[in-house]
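Below, the structure written as structure tokens:
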């Protein structure tokens, strides 16, 4: 799957993933109203609004980007209906040729991680049949419980040609609380990065591994070090835009081949219409605002890479 | 909610939580057959089997134990249908007077953790209405991303009288890979334990905090130290039974007041009918086997506490 992702990045010239993290406050009034008229102000109504909003954005950007990253929490808060909208969104994105990175941050002891890996990347046996439940292309994984929480995901990656991104250094302000603690003089995130490199060696694509890492755009210096520790890991970089990361911060996440990183933007793209910069589009043309935000982000990254 | 949990532990004399982690291989043939006849060998059929199986166990043990802990991964693997069975199980357990600990191990950056906290413990706004999606009583939380991933859960605990158990030292063999790494001479899990104590101080019940910790029965020596570091935290202890933890290993997780710990057993109870010890019950009486396994576990723990 990493080969497919790289191919799509090269085709589009966009090392960009659109974070489909819908919040009701991002959704234009006309979409909310239509959904609530159909289903009432219910969880089902909210889920329908989320789906219609996502669909508009996906239609507007699918030729420009290689991948999307739906954040499952934003769907899970609307219960079963929300999770059905997550699945519908993931399926639709795949139909449109997009790589789907499920931002699920799961991780548990062995047999339980097996179930999560089956749920999101693999298949589950029911009698004599096998089913893929959510069937994303990649998933994000939390490493706190150690290797035996990650290995079931590696097995599925090998069997099903899927991939994972392991949390290494996250973009949030308090990520350092545990991740930066020094162990023998080196921060924990470096040790996790070394494990990512080790795990990834067993799941290689043709040039990069199916096992990537999450490293926040908000920590460019750490990104520089982690780039060296995990040369074959694709780095999924959240924190661009709304969280404060800029194009110039991103250059160290890339290898000299111009590959090795994919930058996520969520509200910076999906809620572009609410920003002053894109206000002229208005609520009715929210999806066009998202398209313009992708074009601007692509340009920002390309310039930063050209100037490095 | 911690006060309710303690009250139920005292009423039943069982510091025991039944892990509702159904795998199809645990489910008696007659239940599988009936579900597959109704819905086919589909995800819906699997979910129906899981629900019927759970219901039998819950009916058989609900007067003996204070709480259940459904592991959401085991439901998530069956997709939307599986998650509907999770919700149905949680709702049914609450009807039966059981405290429901959602074993979800979520954790993400601030706004995303807010969504998870709303999904599982709190409420979400839809227009002028507010809905609780999964509405468990407690949830397990992964701390790797630091305080701002945990704080949204604390806020919901305060507002809604709910609780969390933060992963500190997990029961799996490779939990030490990161959790045991020494930071200034002390293992990471101790630092996480200190944070749990700090976070918990803002969410006190009458004697214990709404913020508890997960510490595996498989690590009793570490449990002894963590008990001291987090005196007001209830410790949820997985790893008893199938993972190798014994009654005698558990005594250090309890405080001198006989409280402070609740011991989880999953397959040791729910798949008791498949063990040699309980084979006489047979598949038809699988739920009675679970009941007997709870009684035996209660006795094992009571003896260990009496002998300490």
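Residue numbers (this note's numbering), protein chains in the order written: chain A, 1 to 308; chain B, 309 to 616. Yeah, the Cβ is synthetic: ideal placement off N, Cα and C, and Gly gets one too. Bear in mind that the values here come from a model prediction, so they are computed numbers and not experimental data.
query	result
Cα-Cα separation, residue 266 of chain A to residue 447 of chain B	27 Å
As assigned by DSSP and simplified to three states, the class of residue 373 of chain B	coil
Residues bridged to residue 3 of chain A [DSSP beta-bridge criterion]	BP columns for residue 3 of chain A are empty, so no partner.
Residue 425 of chain B vs residue 461 of chain B beta-carbon contact at 7 Å	yes
From B/453, B/535, B/403 and B/580, residue whose alpha carbon lies closest to that of residue 188 of chain A	B/453
Beta-carbon contacts of residue 44 of chain A that lie in its chain and below 6 Å, excluding the five residues immediately before and after	81
Cβ contact (3+ pairs, closer than 8 Å) linking the stretch 340 to 355 of chain B and the stretch 416 to 425 of chain B	no
Cβ-Cβ distance between residue 142 of chain A and residue 105 of chain A below 7 Å	yes
Coil, strand or helix - residue 89 of chain A by DSSP	helix
Rounded distance between the beta-carbons of residue 172 of chain A and residue 417 of chain B, thought under 8 Å	4 Å
For residue 446 of chain B: DSSP bridge partner residues	B/409 and B/471
Residue 429 of chain B and residue 464 of chain B closer than 7 Å at C-beta	yes
Per-residue DSSP class, three states only, for residue 583 of chain B	coil
Distance, residue 616 of chain B Cα to residue 134 of chain A Cα	48 Å
Three or more C-beta pairs below 8 Å linking the stretch 353 to 370 of chain B and the stretch 278 to 296 of chain A	no
Neighbour flag for residue 588 of chain B against chain A, beta carbons, 7 Å	no
Contact list for the stretch 176 to 191 of chain A against chain B, Cβ threshold 8 Å	176, 177, 178, 179, 181, 182, 183, 184, 188 and 191
Straight-line Cα distance separating residue 577 of chain B from residue 504 of chain B	29 Å
Cα-Cα separation between residue 29 of chain A and residue 78 of chain A, rounded to whole angstroms	19 Å
Residue 445 of chain B beta carbon less than 7 Å from that of residue 379 of chain B	no
Within chain A, the residues that residue 399 of chain B reaches when beta carbons sit closer than 9 Å	In chain order: nothing, as chain A lies at least about 12 Å away.
Partners in chain B for residue 29 of chain A, counting only beta-carbon separations shorter than 9 Å	Simply none; closest approach about 11 Å.
Test: residue 481 of chain B CB closer than 7 Å to a CB of chain A	yes
Below-7 Å beta-carbon distance, residue 69 of chain A vs any chain B residue	no
Distance between residue 186 of chain A and residue 585 of chain B (C-alpha atoms, nearest Å)	50 Å
Cutoff 7 Å: residue 54 of chain A Cβ touching any chain B Cβ	no
Straight-line Cα distance separating residue 150 of chain A from residue 203 of chain A	13 Å
Residue burial classification, residue 392 of chain B (beta-carbon count within 10 angstroms, cutoff 16)	buried
Beta carbon of residue 557 of chain B nearer than 7 Å to that of residue 539 of chain B	no
Distance between beta carbons of residue 67 of chain A and residue 99 of chain A, contact taken as under 8 Å	4 Å
Status (buried if at least 16 other CB within 10 Å, exposed otherwise) for residue 436 of chain B	exposed
Three-way DSSP call (helix, strand, coil) for residue 378 of chain B in this model	coil
Opposing strand residues paired with residue 192 of chain A [DSSP bridges]	None, per the DSSP bridge assignment.
Host alpha helix (DSSP H) of residue 20 of chain A (start-end)	Taken as a continuous stretch (DSSP letters only), residue 20 of chain A belongs to no alpha helix (DSSP H), as it is neither H nor E.
With 16 other Cβ atoms within 10 Å as the buried cut-off, status of residue 619 of chain B	Residue 619 of chain B is absent from the structure shown; chain B starts at 309 and stops at 616.
Cross-chain neighbours of residue 143 of chain A in chain B, by beta carbon under 8 Å	452 and 486
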